[in-house]
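My numbering applies: residue 3 is where the sequence shown begins, and numbers increase by one.
C-beta atoms are modelled at their ideal positions from N, C-alpha and C, and glycine is treated no differently.
So the structure is just underneath, and the comments pick up after that.
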Amino acid sequence: MIAYLLYKSVIKNMIVLIKKSISLLLKTTSLVLREFIGILTDIASINDFVRTGYLDYIPRPDDIFIVTYPRSGTTWMQMILYQLSTDGNMDISHISEVCPWFDRMLLFNIMNGKDLEQLPSPRIFKSHLPYKWIPRGPCKYIYIARDGKDVAVSYYHFYKSHLNFTGNFSEFFEKYFMQGKVQYGSWFKHVAEWKKHEKDPDVLFLHYEDLVNNLKSTIFKIIHFCEFDVPNERMPEILERCSFTFMKKYENKFDHISAVIWEKGYKQNSFIRKGKSGSGREYFSKEQEILFNNEVNKLKLNDI
Ligand code: A3P
């Protein structure tokens, strides 16, 4: 009897052990498969980007790329160019309709070479690509650089409102922003690479601060660079529509995920946030300021 009970208990323990081992094996396999699928999906996206962006995309001399590191005034420039190149009516459902996000459309296979061909001239694209990855023209590039501290703070708010980041500013700044572990990598490298080309004839290198402090004269620079023909009588309307207040009023036409995030219960009206320059530094501690300035000095970005 005792031998039988002992035998039963050993068998029971063995079954438990076998079940646990199989469960662990399945768990590990799922993890590996998911990782593998993620890697394959990334490779497919890069594949699509290379195919469409470098092989199928045929540049036109009047194509314009608005290039920025995120949170540097990209959407604002999209609106400015939309106003300057059309009658600028607000019947559009979203600014991406008239100024597609080149990298995203290609990476996610939303547009192919044929779609790009069908866009009317002048084609205006938004991009966050670093200089080495931007498709080569003949075309024009408008780069906007913004004070890095303001970018860090704006990006921190964006990560909180759009990307589920739950940490505080110090954590975001030290662990992510300064390490370049954010979407589109290091601000320092992005700006430094593009800055080397600020004098290239096909590049108009602007500062977000110029737009804030002198929108009108910066718009004239853009008109001249893009060779647009804009009647003077339209200027008051253009200036009004490119103002922070106007764009804030139409925010859903600029923040393309606002509808989706609203459904998911996230906060809306946080994409077009404050539109001020210089307030970023209020967030910085002395140590963070030193860390930041060291990097700026190293890459000679003092005039950004
Ligand atoms: P803040 O978060 O500092 O307010 P991007 O379009 O590259 O993501 O940049 C977003 C930043 O540009 C946000 O900065 C946003 O408020 C600001 N912005 C957008 N439209 C603007 C406008 N018309 N005037 C001033 N700033 C604007």
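Meets three-Cβ-pair contact criterion under 8 Å: the stretch 139-147 and the stretch 85-96: The stretch 139-147 is not in contact with the stretch 85-96.
Residue from 13, 6, 92 and 45 whose Cα sits closest to the Cα of residue 251: Counting from one through the sequence shown, the residue named residue 251 turns up at place 249. The option with the nearest alpha carbon to residue 251 is 92.
Segment contact, 8 Å Cβ cut-off, at least three pairs: the stretch 49-67 with the stretch 123-136: A contact is defined here as three or more CB-CB pairs under 8 Å, and the stretch 49-67 meets this definition with respect to the stretch 123-136.
Paired residues, beta bridge with residue 128 - DSSP: On the sequence shown, position 126 is the one that residue 128 refers to. For residue 128, the pairing in a beta bridge is given by DSSP as 68 and 103.
Buried/exposed call for residue 247, threshold 16 Cβ in 10 Å: Position 245 of the sequence shown, counted from the start, is the residue given in the question as residue 247. With a threshold of 16 other beta carbon atoms within 10 Å, residue 247 falls short and is exposed.
Limits of the unbroken alpha helix (DSSP H) element including residue 161: Your numbering for residue 161 matches position 159 in the sequence shown. Per DSSP, residue 161 belongs to the alpha helix (DSSP H) from 150-164.
Alpha-carbon to alpha-carbon, residue 18 and residue 266: Taking the sequence shown and counting its residues from 1, the one referred to as residue 266 is at position 264. Taking the sequence shown and counting its residues from 1, the one referred to as residue 18 is at position 16. At residue 266 the pLDDT is 44, less than 50, meaning the model places this residue with poor confidence; the figure from the coordinates comes in the next sentence. Annotation: residue 266 to residue 18 spans about 41 Å, alpha carbon to alpha carbon.
Span of the alpha helix (DSSP H) around residue 24: Taking the sequence shown and counting its residues from 1, one reaches residue 24 at position 22. Segment 4-52, the alpha helix (DSSP H) holding residue 24.
Per-residue DSSP class, three states only, for residue 205: For the purposes of this step, residue 205 is identified with residue 203 of the sequence shown, where counting begins at 1. In the structure shown, residue 205 sits in a strand (DSSP, three-state: E or B).
Among 194, 131, 207 and 34, nearest to residue 304 - alpha-carbon criterion: Counted from its first residue, the sequence shown places residue 304 at position 302. The shortest Cα separation from residue 304 among 194, 131, 207 and 34 belongs to 194.
Same chain, Cβ closer than 7 Å to residue 283, five either side skipped, listed in chain order: As a working note, residue 283 is residue 281 in the sequence shown. These residues qualify, in order along the chain: 151.
The stretch 104-111 / the stretch 227-234 touching (three or more Cβ pairs under 8 Å): With fewer than three CB-CB distances shorter than 8 Å, the stretch 104-111 does not count as touching the stretch 227-234.
Buried or exposed (CB count within 10 angstroms, at least 16 for buried), residue 157: Translated into the one-based positions of the sequence shown, residue 157 becomes position 155. Buried, because 16 or more other Cβ atoms sit within 10 Å of the Cβ of residue 157.
Three-way DSSP call (helix, strand, coil) for residue 146 in this model: Walking along the sequence shown from the start, residue 146 turns up at place 144. Looking at residue 146 - three-state DSSP - the assignment turns out to be strand.
Chain-order list of residues whose beta-carbon lies under 6 Å from that of residue 209 (same chain, five-residue window excluded): Within the sequence shown, residue 209 is the residue found at index 207, counting from 1. Exclusion of the five residues before and after residue 209 leaves 147 as the residues of its chain whose Cβ lies within less than 6 Å of its Cβ.
Among 298, 171 and 188, the one whose alpha carbon lies nearest that of residue 285: Mapped onto the sequence shown, residue 285 falls at position 283. Closest option to residue 285, judged by alpha-carbon separation, among 298, 171 and 188: 171.
Residue 194 - DSSP class collapsed to helix/strand/coil: Stepping through the sequence shown from its first residue, residue 194 is reached at position 192. Residue state, collapsed to three classes: helix.
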